[in-house]
Amino acid sequence: MKEKERIEVERMYHTARETLISLVDTNFSPDHSRRISTLSSNTLATVLADHALLHHSEKTTRWIQKNAQGMDIVGIPSILSESSSFMAAIFAVLEKVCGFSLPPLVGERIPPVKDIVKLLVFPYSSNTSYLLPLHLACVALSFSMKGTKADHIVKMISDLQQPDGSWTDDVIITALCALALHQAGIEPMYNVTKWLKEEQLPDGSWAACNGEVWEASYALKTGEVPHEKLVSVLEKSVHPNYWWGFSRYAVPDTDDTAAACCALQPYNPHLTDAALKNLVKVQNEDGGWSTFPDITGVVPRESVEENTKLKSNDITCHVLEALWRSNQKDEPFKRGISHLLEAQDKNGYWKTTWWRSDIYGTAEIASLMNQNKYTEPASHALAWLEKKLTQHLNTVEYALLIKAFSEHPEYSDSLDKAVTSFIEHCRSGPLAPTFDSVYFAGLIDLKVHRLSLIVDSLHTLLKKENV
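For the sequence shown, the positions run 468 to 934 when this note's numbering is used.
Following this line, the structure appears as C-alpha cells:
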C-alpha cells in the first residue's frame, strides 16, 4: 500500500471508529426504555406505527410527506412477487386500512382481498416463531377487510403479546398486531402505545425493528469501542433460558446467540458457556446450524422445544466461531466444519442466507477455515473473492475483501486493488447505507454492524502494514 493510500485509510478508519463510538454512546443503553434503534428509518414501519397509534403527529406526517411520496413503500427498490402473501396483505392494509397511496408498481400487483386470504391459508406450524404473529395479524386484517370476523385468530394474537407491549420486539409486526386488535374492537393486554412511542426515532419516523443485540455484539467484538456499556446491554438482553434474539425481547435465534457469545466470551465466560450448551443442543443432524428454534410460551420466558429451521452456512460459521473463541473444538465443532466443507460451492463460495451478497458469508467462513488450518478451502474461497474485484461492490463488501486478503500475503496485489476501490467508493459516498441485510419486508441497513465490519477490516489492514 502506498503512503498516500495508507494516510487515506488511516483517516477513514478514525472517522468510522469515531462514528461507531458516538452511535454506541448515543443509541445503546442497558435501560430498555432509553435505547434508540440504529437501523435506518423505514417507510413501511412508519406508516403502520403512525396508524396503530390512532392519532397522527405532525412530525410523523411531515416525515411521511417528505420521504414516502413516489418511492417504493419499503424504502428500497423491490417488486412484489406472487408468492409474497404476507407483503400482499400488508400492502392491502396500507391502502385500505391506513388510506396510504401506494406506488403504481406495487398497487397494480396487489391481488383482491379474497385471493390474499387464500394465499394466507397455510398451517401456522410452517412459520418460524418470529413470523407466527405476523401471519396471524395478516390473516385477521384480511378477514376484517373482507368484512368477516376471526375471533379465534384475534385471541391468538392477544395471547402472544409480550409484557413489554410488543410482538417480537418488531415495529412492523407490532403495529400490524395492534391494528388487528383495534379492527376487532379488542384492547391489548399490555401497553402497545407506550412501546411504539418509545421506539419512535427523534425525527418522527420508525425503524423496522431494533437490532441492539446483533449490533452490540459486533461493536464489542471489534475491541475498538469502550466495552462496559455494550457488555451490560448484552447481559441484560439475554433471556432467562440463555438465548438471545435480534434485540432484547425478540424471539430467540441461533445467529444472535452465537454473535453474543463471540463478543461476551472475554468478559463473561460463564454466561457464554451456558449459551453455547444451547447452541450445541440444536445442531442439525448434518452438522450445520439454522436460524429460529421452535418455542412455546411468550418471550422472554419462552421454552425452546425443537431444533431450528432455515438452514444457513453463515449461521453455522458464527456458531463455530463462538465455539472456537471458547476453545470448544470437540465433536460438534468438527461436525460443523465438515458440514461447511461439504457446503462449499465448486466455484469456491458459500451461499449466504441472511445477506444480499455471498461475499459476507464467504469472507467470514474463509477466515474461520484459515484460522483453523483448513488452507485449501480457504484458498478456494479467496480465489472466488478475488474475481469479485471486477464487479461494482459497496463499501462493506470492499472492507470484507480487504480483511480477507490481509490474512493472505500471496494476495497482496488483490489487497491493493481492494484498498484502492474502497477509497474511491468512500469518496463518492462515505460510510453510506448499504441495505444488505435480509428482512421479511425487504432489505435493511444495519448501521453499527456495517461500521463495525469496516473498522475491524481497516484495523486489520493497518496492523499488517505496521508490522
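Where a beta carbon is used, it is the ideal one built from N, C-alpha and C, also for glycine.
Query, Result
"Pair within 8 angstroms by beta-carbon distance, Y734 and H785", "no"
"Counterpart residues of T763 in DSSP-defined beta bridges", "S770"
"First through last residue of the alpha helix (DSSP H) which encompasses Y865", "T862 to S873"
"For V905, three-class secondary structure by DSSP", "strand"
"Alpha-carbon to alpha-carbon, P876 and M538", "Confidence at M538 is low in this model, with a pLDDT of 45, below 50, so its placement is unreliable and the value that follows should be read with caution. Distance between the alpha carbons of M538 and P876 is about 45 angstroms."
"Distance, S625 Cα to P655 Cα", "6 angstroms"
"Alpha helix (DSSP H) segment containing H481, residue limits", "E470 to N494"
"Same chain only: Cβ atoms within 6 angstroms of N494, ignoring 5 sequence neighbours per side", "I503 and T505"
"Same chain, Cβ closer than 6 angstroms to I921, five either side skipped, listed in chain order", "A483 and A866"
"One or two residues paired with D637 in a DSSP bridge", "C676"
"Close beta carbons around V588, own chain, < 7 angstroms, minus the five adjacent residues each side", "none"
"Range covered by the alpha helix (DSSP H) that runs through S824", "S824 -> no alpha helix (DSSP H), and no H or E assigned at all."
"Uninterrupted alpha helix (DSSP H) stretches inside the region 771 to 846 (no shorter than 4 residues)", "780 to 792, 798 to 810 and 825 to 838"
"I620, enclosing alpha helix (DSSP H) - first and last residue", "D618 to L627"
"Three-state secondary structure (DSSP) of G542", "Only weak support exists for where G542 lies, its pLDDT of 47 falling under 50; the value from the coordinates is given anyway. Residue state, collapsed to three classes: coil."
"S611 - DSSP class collapsed to helix/strand/coil", "helix"
"Collapsed DSSP secondary structure at S508 in the structure displayed", "strand"
"P719 (DSSP reduced to helix, strand or coil)", "strand"
"When K563, D637 and V560 are compared against L598, the one with the closest alpha-carbon", "D637"
"6 angstroms Cβ shell around S552 - same chain, five flanking residues per side excluded", "L586 and L587"
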